[in-house]
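Each remark here refers to the structure printed beneath this line.
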Amino acid sequence: MMDLHTHTRYSDGIGLIRDNVSWAEKRRLKIVGISDHIHFFTPGIFSKYVREIRTVRDESEIVVLAGIEANITESGPDITEEFARELDYVIASVHEWFGEGEWYRYLEYVKKAIIDENVDIIGHFGNTFPWIGYPPWEEVLEVIKLAEEYGKAFEISARYKVPDLDFIRECVKRGVKLSLATDAHRPDDVGKIEWSLKMLKKAGGSEEDLVFSELL
Ligand SMILES: [Zn+2]
Ligand SMILES: [Zn+2]
Numbered sequence: 001m002m003d004l005h006t007h008t009r010y011s012d013g014i015g016l017i018r019d020n021v022s023w024a025e026k027r028r029l030k031i032v033g034i035s036d037h038i039h040f041f042t043p044g045i046f047s048k049y050v051r052e053i054r055t056v057r058d059e060s061e062i063v064v065l066a067g068i069e070a071n072i073t074e075s076g077p078d079i080t081e082e083f084a085r086e087l088d089y090v091i092a093s094v095h096e097w098f099g100e101g102e103w104y105r106y107l108e109y110v111k112k113a114i115i116d117e118n119v120d121i122i123g124h125f126g127n128t129f130p131w132i133g134y135p136p137w138e139e140v141l142e143v144i145k146l147a148e149e150y151g152k153a154f155e156i157s158a159r160y161k162v163p164d165l166d167f168i169r170e171c172v173k174r175g176v177k178l179s180l181a182t183d184a185h186r187p188d189d190v191g192k193i194e195w196s197l198k199m200l201k202k203a204g205g206s207e208e209d210l211v212f213s214e215l216l
């Protein structure tokens, strides 16, 4: 199995890249991705980060991927082409807080990320809906359709327990890819993807519905 959303000391996590990979090996994952927050990187530190992931990958028997977690802003995701081309994948997440009833702004942000060519996966979709309000299903469906059109994926976040079953079911039905994600900030949380896996199965999905399924 896989965990494509993990943090290290390169951003706000507490472990080293090799610690995350060790725990992924211990939990018998086939793929682990490192995805630190983009706003912690200068170009120099970013190069060191990617080099370090590649070194750890070469020493590991499992697949170690270099990712990043970008922020979706008013003007779109803050990922640049320069960074994206060095990486195996890019997650884009909404980290901004909106007011009550402003779920439509959240959806607008997500749509901007879906159409951005540097983005591969939308992170923890809907984790703030309990506070900003739940969008009507028709609006959510538009987002899924857009992802279908642009070939983008959504993660099933074990940390935030999102998205919900109907959402995942719709993705499986439409061939929109999914990923399994802990969003671990400490190495011993890497690979705790039971919730994500359970949701994928409940939704009728299988390994073929996951991004990088060819590497599983
Ligand atoms: Zn996030
Ligand atoms: Zn994260």
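The numbers in my numbering rise by one with no breaks, and the one at position 178 of the sequence shown is 178. C-beta atoms are modelled at their ideal positions from N, C-alpha and C, and glycine is treated no differently.
Whether residue i touches residue j by CB criterion (8 Å)
i	j	result
S213	I121	no
S47	G67	no
A92	G123	yes
S60	E25	yes
L219	K161	There is no way to answer for residue 219, as the model of the chain reaches only from 1 to 216.
L215	M1	no
I114	A147	yes
F40	S22	no
CB contact check: residue i to chain C, cutoff 8 Å
i	result
I31	In summary, chain C is missing from the structure at hand, where a single protein chain is found.
Rounded straight-line distance, which links the Cα of residue j to that of residue i
i	j	result
E208	L4	16 Å
R54	V140	37 Å
I62	V119	24 Å
L29	W137	34 Å
V94	P77	9 Å
E155	W195	12 Å
T128	E102	10 Å
R9	I17	8 Å
R105	T73	11 Å
E52	P43	14 Å
V32	A181	10 Å
E142	E117	19 Å
H7	I79	17 Å
F125	D164	9 Å
N20	N71	22 Å
D58	M199	32 Å
A84	I45	15 Å
L87	V56	15 Å
I144	G13	30 Å
Beta-carbon separation (whole angstroms), residue i vs residue j, contact threshold 8 Å
i	j	result
D183	S157	6 Å
Y89	L65	6 Å
G15	R186	6 Å
R27	G191	3 Å
H37	E69	5 Å
Quiz item: Three or more beta-carbon pairs under 8 Å between the segment 168-175 and the segment 193-206, yes or no?
Solution: Contact between the segment 168-175 and the segment 193-206 is present: three or more C-beta pairs spanning the two stretches fall below 8 Å.
Exercise. Count the C-beta pairs between the segment 128-135 and the segment 95-110 that are closer than 8 Å, then say yes if the count reaches three, no if not.
Key: yes
Quiz item: Can you give, in chain order, each stretch of the beta strand (DSSP E) that sits fully within the segment 153-209 and has at least 3 residues?
Solution: 153-157, 178-181
Quiz item: Are at least three pairs of beta-carbons, each pair with one atom in the segment 103-116 and one in the segment 160-169, less than 8 Å apart?
Solution: no
Practice problem: Taking only runs that begin and end inside the segment 9-73, name each unbroken alpha helix (DSSP H) of 4 or more residues, in chain order. | Solution: You should have 17-26, 43-59.
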